[in-house]
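Here's the structure, in structure tokens; my notes come after.
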Amino acid sequence: MKQDVTQQVEKVLNSLDQVNRASVSPYFYSSLRRRMEAGNAQPQHGFSLQPAYTILALLFLFVTNVYLLLNQPVTQEQKSTEVEEQTQWKTEYALQEVTPYQENPIEWVAIK
Amino acid sequence: MVSQDELDLIERLKRGEESAFRSLVEQYQDLVYNTALGVVQNESDAEDVAQEVFIQVFRSIGTFKSEAKLSTWIYRITTTRALDLLRARKSKKRFGLLKRLWETEEESPVENISDFNHPGVSLERKEEAAQLITAIAQLPENQKVAFVLHKLEGLSYLEIAEVMGNTLPAVESLMHRARLNLRKILEKKISAP
């Protein structure tokens, strides 16, 4: 059995001995000239802006942005600055929080 | 050693004579096509590679120094271009799923590599040759190039060394490893039920 396999492998390995050379089509030269004249001599397998690549790039940018936005760490310094700003605004525009009692204390007591 | 005819042809090519370019293409077109076909294993891709090779020869003949034979230089360009195409094909496969959504029928490769039959193989050896060609496709790049140049183009190990810019012992070792790998691949395939 193993000898059969070895023989078969040798047969396959020698199957390209004395193979004839493959020939191009008779129109090879004329199509080559056409291509050269058309200036289409650049290889066509580089990076290209095909829709698939463009969408993939946009998708990648979108996911990266969302990820960064959701995972943005808020520092203690940022928090205290925000509180300070709010306080300044409140002071400047007299936006003190007023409870119903402070607004009309007599009415409030009457209801109670 | 470069012959006088070859030196004349190179000079005429450097002067940009169209008749010289035509005679260069006629002289080397089958060499280029057959080598490319052995590596890329697809007839239209091989023709595309062959065209690119002649365009590159036309553009860079000015830089060619007649120290090496013209055929050695052309073999080198051919194998490089053919391997470039294989790499591009591999990266295309990675994006294949996404690309298939936008590709039209004409753009997608119609021929299947595993179905490839070399046109120069005789009818009685066709089946075995197809098995060998499929196995060659699985070899690493250097081994593939060396094996194709030896088997399909009949180049000696010394000529292969010149084309690949290697030493003779390096090519001998490359061919030895190529045979070992091919044996392994074929044994596995043949003994499988």
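One line per chain: the protein sequences are A and B, in this order.
So for the first sequence, our numbering puts the first residue at 1; every next one is plus one.
So for the second sequence, our numbering puts the first residue at 1; every next one is plus one.
Just so you know, even glycine gets a beta-carbon here, dropped at the ideal spot from N, CA and C.
Between GLN8/A and chain B, is any beta-carbon pair separated by less than 7 Å?
It does; some Cβ of chain B falls within 7 Å.
Determine the DSSP secondary structure at ASN104/A, reduced to helix, strand or coil.
Looking at ASN104/A - three-state DSSP - the assignment turns out to be coil, as it is neither helix nor strand.
Checking contacts by CB at 7 Å: is LEU184/B closer than that to chain A?
One detail in the question is off: residue 184/B reads as Lys in this sequence, not Leu. It does not: the Cβ of LYS184/B has no partner Cβ on chain A nearer than 7 Å.
Is there a Cβ from chain B that is less than 7 Å from the Cβ of VAL5/A?
Closer than 7 Å: yes.
Using the beta-carbon count (16 or more within 10 Å), is ILE10/B buried or exposed?
Buried, by the Cβ-count rule.
Suppose contacts are defined by Cβ-Cβ distances below 7 Å. Is VAL5/A in contact with GLU124/B by that definition?
Taking 7 Å as the Cβ cut-off, VAL5/A and GLU124/B do not qualify as a contacting pair.
Could you round the C-beta distance between ASP30/B and ARG21/A to whole angstroms and report it? I think they count as a contact, below 8 Å.
Right, their Cβ atoms sit about 5 Å apart.
Report the three-state DSSP secondary structure of TYR67/A (helix, strand or coil).
Looking at TYR67/A - three-state DSSP - the assignment turns out to be helix.
Which chain A residues are close to ARG22/B, counting only those with a beta carbon under 7 Å from its beta carbon?
Here the neighbours are TYR29.
Under 7 Å Cβ to Cβ from GLU116/B, same chain only, skipping five residues before and after it: list those, please.
At residue 116/B the sequence reads Phe, which differs from the Glu that was named. Cβ neighbours of PHE116/B beyond the five flanking positions: GLN41, ASN42, ILE133.
If we define contact as Cβ-Cβ less than 7 Å, is LEU16/A a contact residue for chain B?
Yes, because at least one Cβ of chain B sits closer than 7 Å to the Cβ of LEU16/A.
Measuring straight from C-alpha to C-alpha, what distance separates THR72/B and GLU128/B?
Between THR72/B and GLU128/B, the C-alpha separation is close to 30 Å.
Note down the Cα distance separating LEU199/B from LEU85/B, rounded to an integer number of angstroms.
Lying outside 1 to 193, the shown extent of chain B, residue 199/B is not represented and no answer is given.
Run through DSSP, which three-state label would GLN42/A get?
Unreliable positioning characterises GLN42/A in this predicted model, as indicated by a pLDDT of 49, which lies under 50. The coordinate reading is nonetheless provided below. In the structure shown, GLN42/A sits in coil (DSSP, three-state: anything other than H, G, I, E or B).
Between MET164/B and VAL145/B, how many whole angstroms is the CB-CB distance? I'm expecting something under 8 Å.
7 Å between Cβ atoms; contact.
Ignore the nearest five residues each way along the sequence and tell me which others in ILE74/B's own chain have a CB closer than 8 Å to its CB.
If we look at ILE74/B and ignore the five residues flanking it on each side, its Cβ neighbours are TYR28, LEU31, VAL32, VAL53, VAL57.
Comparing C-alpha positions only, which one of LEU83/B, LYS92/B, ALA170/B, ARG183/B sits nearest to LEU135/B?
The sequence given here has Ala at residue 135/B, not Leu. Among LEU83/B, LYS92/B, ALA170/B, ARG183/B, the Cα nearest to that of ALA135/B is on ARG183/B.
Which word fits ASP48/B, buried or exposed, when buried means at least 16 other C-beta atoms lie within 10 angstroms of its C-beta?
Buried is the call here.
Under the rule that 16 or more other beta-carbon atoms within 10 Å means buried, what is THR64/A, buried or exposed?
Exposed, since its Cβ has fewer than 16 Cβ neighbours within 10 Å.
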